[in-house]
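Visitor: Here it is: the structure, laid out below.
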Amino acid sequence: MDKKPRTATIRELAAHARVSPATVSRVINNSGYVSEATRKRVKTAIEQLGFRPDARARGLRGMPSGLIALVIPSILNVFYTTLAESIEKQLRQRGYTMLLGVTRDEPDLYLNYLNQFWELKVDGIICVPPPDGKCLSTIRELVEQGMPIVEVNRRHEECILDAVLADNFQGAKLATKYLIGLGHQRIALIVGSLNTSTGRSRLEGFRWTMTDAGINVAPELVKVGAFTKEYGIQAAEELLRLSPRPTALFVTSNRLLVGVMTVLMAHHIRVPDDISVLSFDDSEWLSFWQPPITAVDIAVDEMGTLAVELIVRQITSGERSDTPRTYSLSAALIERQSCAAPKVSR
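Counting in our numbering, the sequence shown runs from 75 upward without gaps.
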């Protein structure tokens, strides 16, 4: 059986015509400004390389795939599984099928998923960017070629996409103020990568509130690493070796919290009698733990709903705003039984 002749790719056309892939896309789709000389070079490349447009490709209207991709860092983190469930439900109600990519916060894997989903002709991508800015050029290229993309929970420092975020700064302020109100001053913070917008904002909210209350933040009480169970274990072990120990732990994700609680149980440390614990990212299991854990809730269902609304709006309108929109969802403190006044204050 004869093999189907291979058609040139947009990247090959761009290299042949000495233009960007975005320019080739504009010529093919007859959209946006391209000079007549450049247009001729691209058309010549199309003829010479034998390019045949794929009817499913982005930009060739009338053949949507009905697929929307979600790219998240983890399926072990309850926050992201809850977010994925919310997004899948909303997409299904609108007639879309969700594809899922899990990056483990590895930039190369993130880029691989973006390219794969482009090749699969998805109608749009909802994504949580990894803690590295080197993916930005690929994002720009996809956007220039017409791919609708919305960031959720995190965003790149250079804001070029619509994004739905939690108010992490305000959430950290709420948590820290609550612990200070109970009489704590020696409060330890365990936070993930500061290369993520979530990590930076939660640290900034903590520091701002401590400074505003006139409390010095000792460097050894701030543990910065990764949003993982393993780092939660490491940070908790290091904090328990301090003398004096912290009287309260502000743990900034539920994956970190799993590691922290593992260590506290292993050392037979009672919560809140020996130490208070407060977590970011409320989830169902925190209410079942003994004692139930006080947490910052960042409305993950609302985040998923709004992300879907934004991506569907981009897809159906065929247009993207020149000014990216950022939606910041308010945080709330869910008070349970894992925090109390420090022993010295009782």
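Don't be surprised by glycine CBs; every beta carbon is placed ideally from N, CA and C.
Please state if the CB of Val374 and the CB of Ser160 are separated by a distance shorter than 9 Å.
Guide: yes
Visitor: Between Tyr184 and Cys209, which are expected to be in contact by the criterion C-beta below 8 Å, what is the C-beta distance as a whole number of angstroms?
Guide: Between Cys209 and Tyr184 the Cβ distance is about 6 Å, and since that is below 8 Å, they are a contact.
Visitor: Which first and last residues belong to the beta strand (DSSP E) in which Ile264 is found?
Guide: Ile261 to Val265
Visitor: If I'm right that Leu239 touches Arg229 with Cβ under 8 Å, what's the distance once you round it to whole angstroms?
Guide: Right, their Cβ atoms sit about 6 Å apart.
Visitor: Exposed or buried, what is Thr285 when buried is set at 16 or more other beta-carbons lying within 10 Å of its beta-carbon?
Guide: exposed
Visitor: Check whether the segment 300-309 touches the segment 321-332, taking contact to mean three or more Cβ pairs, one atom from each stretch, closer than 8 Å.
Guide: yes
Visitor: Closer than 8 Å by C-beta to Cys413: which residues in its own chain qualify, once you throw out the five before and the five after it? Chain order, please.
Guide: Tyr252, Leu253, Leu256, Ala322, Pro346, Ser350, Val351, Leu352 and Thr368
Visitor: Compare the Cα-Cα distances from Tyr401 to each of Leu173, Leu384 and Thr118 and report the closest residue.
Guide: Leu384
Visitor: Looking at the unbroken alpha helix (DSSP H) that takes in Phe324, where does it start and where does it end?
Guide: From DSSP, Phe324 is part of no alpha helix (DSSP H) but of the beta strand (DSSP E) over Ala322 to Val325.
Visitor: Taking all protein chains shown into account, decide if Lys114 is buried (16 or more other Cβ within 10 angstroms of its Cβ) or exposed.
Guide: exposed
Visitor: For Tyr184, does the three-state DSSP call read helix, strand or coil?
Guide: helix
Visitor: In its own chain, which residues sit with a C-beta less than 6 Å from the C-beta of Tyr154, not counting the 5 before and 5 after it?
Guide: Ile146 and Ser148
Visitor: Is the CB-CB distance between Asn269 and Asp355 below 9 Å?
Guide: no
Visitor: Please report the residue range of the alpha helix (DSSP H) in which Gly288 lies.
Guide: From DSSP, Gly288 is part of no alpha helix (DSSP H); its letter is neither H nor E.
Visitor: Please classify Leu201: does DSSP put it in a helix, a strand, or coil?
Guide: Per the sequence presented here, residue 201 reads as Cys, with Leu not at that position. Cys201: strand per DSSP, three-state reduction.
Visitor: Could you give the DSSP three-state label for Ser148: helix, strand or coil?
Guide: When DSSP states are grouped into helix, strand and coil, Ser148 belongs to the coil group.
Visitor: Can the beta-carbon of Ser99 be found closer than 9 Å to that of Glu218?
Guide: Closer than 9 Å, so yes.
Visitor: Excluding the five sequence neighbours on either side, which residues of its own chain have a C-beta within less than 6 Å of the C-beta of Gly279, listed in chain order?
Guide: Here Gly279 has Phe243, Ala246 and Lys247 as same chain residues with Cβ atoms under 6 Å from its own Cβ, once five neighbours each way along the sequence are excluded.
Visitor: How would you call Trp192, buried or exposed, if buried means at least 16 neighbouring beta carbons within 10 angstroms?
Guide: buried
Visitor: I'd like to check one pair, Arg410 with Leu338: are the Cβ atoms closer than 9 Å?
Guide: no
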